[in-house]
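Notes for the one structure printed next.
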Amino acid sequence: MEPSADSRQAAGQESLGALLGGRGGAVDATLPPLAFVVGWLLADESIWIGSAVALAVGLVIATYRLVKGDRPRAVLLGMLGVCAAALVALYTGRAADFFLVQLLSNVASALAWSVSIVIGWPLLGVVVGTALGQRTRWRRDPDLLRAYRLASWVWVGQYLVRIVVFSSLWWINAVVALGVSRVALSWPLVALCVAVSGWVLFRVLPGDHPGIRHPRTPEQTASIP
Numbered sequence: 004m005e006p007s008a009d010s011r012q013a014a015g016q017e018s019l020g021a022l023l024g025g026r027g028g029a030v031d032a033t034l035p036p037l038a039f040v041v042g043w044l045l046a047d048e049s050i051w052i053g054s055a056v057a058l059a060v061g062l063v064i065a066t067y068r069l070v071k072g073d074r075p076r077a078v079l080l081g082m083l084g085v086c087a088a089a090l091v092a093l094y095t096g097r098a099a100d101f102f103l104v105q106l107l108s109n110v111a112s113a114l115a116w117s118v119s120i121v122i123g124w125p126l127l128g129v130v131v132g133t134a135l136g137q138r139t140r141w142r143r144d145p146d147l148l149r150a151y152r153l154a155s156w157v158w159v160g161q162y163l164v165r166i167v168v169f170s171s172l173w174w175i176n177a178v179v180a181l182g183v184s185r186v187a188l189s190w191p192l193v194a195l196c197v198a199v200s201g202w203v204l205f206r207v208l209p210g211d212h213p214g215i216r217h218p219r220t221p222e223q224t225a226s227i228p
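When you read off a place in the sequence shown, starting at 1, and then add 3, the result is the number in my numbering.
Next comes the structure, spelled out in structure tokens:
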């Protein structure tokens with residue numbers, strides 16, 4: 004007995020969330036900025052102290068992740084991000100600039116995802132296809148390619164939300180609000196984005212489609228009565 008379309012969709016959405024990773028990494032990424040704000044406040048708005056606290060927290064997280072067996076490259080990139088944020092704030096002497104690297108990162112991500120959709124290589128498909136070991140087979144499935152393109156716009160929207168909020172708060176030098184928004188727009192927004200993009204992805208796929216794990220060729224699609 005074949006599973007129903009609803010059960011296939013629910014399983015697919017669950018798989019999408021698992022393939023894109025849990026919230027652990029997103030939570031870790033919010034701790035150094037939060038530590039910066041706390042240290043900055045407690046040390047009478049000292050950027051040096053705030054940066055030192057953020058770097059210390061980042062180092063603890065990096066050590067913990069390495070002990071757990073995470074990839075050294077990913078851990079190193081996360082630590083370099085904290086270092087870059089601290090150096091920018093120390094150089095400019097403006098505490099809000101600690102969040103400038105994150106703001107620019109979201110701008111770059113929004114552009115990258117938008118371009119990937121326009122040129123027919125939606126990044127959601129690239130990420131999921133790579134995780135599933137499909138290489139580029141998903142691109143030969145017209146239905147799956149269309150679904151990935153539409154679902155990828157949800158991710159563009161996620162970055163645009165951050166850009167609007169972060170840039171507005173950065174402009175008025177609202178350091179505490181930046182720290183709060185950094186947490187609020189981290190894993191809660193990512194979780195919402197995964198859920199919505201998963202819904203779009205499986206909603207767009209035809210009811211007889213076997214799912215993201217089983218791309219169909221155009222010939223297979225044409226043979227379906």
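Just so it is clear, CB atoms sit at the ideal spot from N, CA and C, and this is done for glycine as well.
{"Query": "Alpha-carbon spacing of Arg97 relative to Thr66, whole angstroms", "Result": "29 angstroms"}
{"Query": "Outcome for Trp141 when other beta-carbon atoms lying within 10 angstroms are tallied against a minimum of 16", "Result": "buried"}
{"Query": "CB-CB length for Ile215 against Val131, believed under 8 angstroms", "Result": "6 angstroms"}
{"Query": "DSSP three-state assignment for Gly214, whether helix, strand or coil", "Result": "coil"}
{"Query": "Own chain, CB closer than 8 angstroms to Val157, minus 5 neighbours either side, in chain order", "Result": "Cys196, Val199, Ser200 and Val203"}
{"Query": "Exposure label - Gly42; buried when at least 16 CB within 10 Å", "Result": "buried"}
{"Query": "Neighbourhood of Val110 by C-beta distance below 8 angstroms, restricted to the same chain and skipping five residues each side", "Result": "Tyr162 and Ile166"}
{"Query": "CB of Ala46 within 8 angstroms of CB of Gly53, strictly", "Result": "yes"}
{"Query": "Straight-line Cα distance separating Phe102 from Trp174", "Result": "11 angstroms"}
{"Query": "Own chain, CB closer than 8 angstroms to Val129, minus 5 neighbours either side, in chain order", "Result": "Ser119"}
{"Query": "Unbroken alpha helix (DSSP H) run spanning Gln105, endpoints", "Result": "Leu103 to Val121"}
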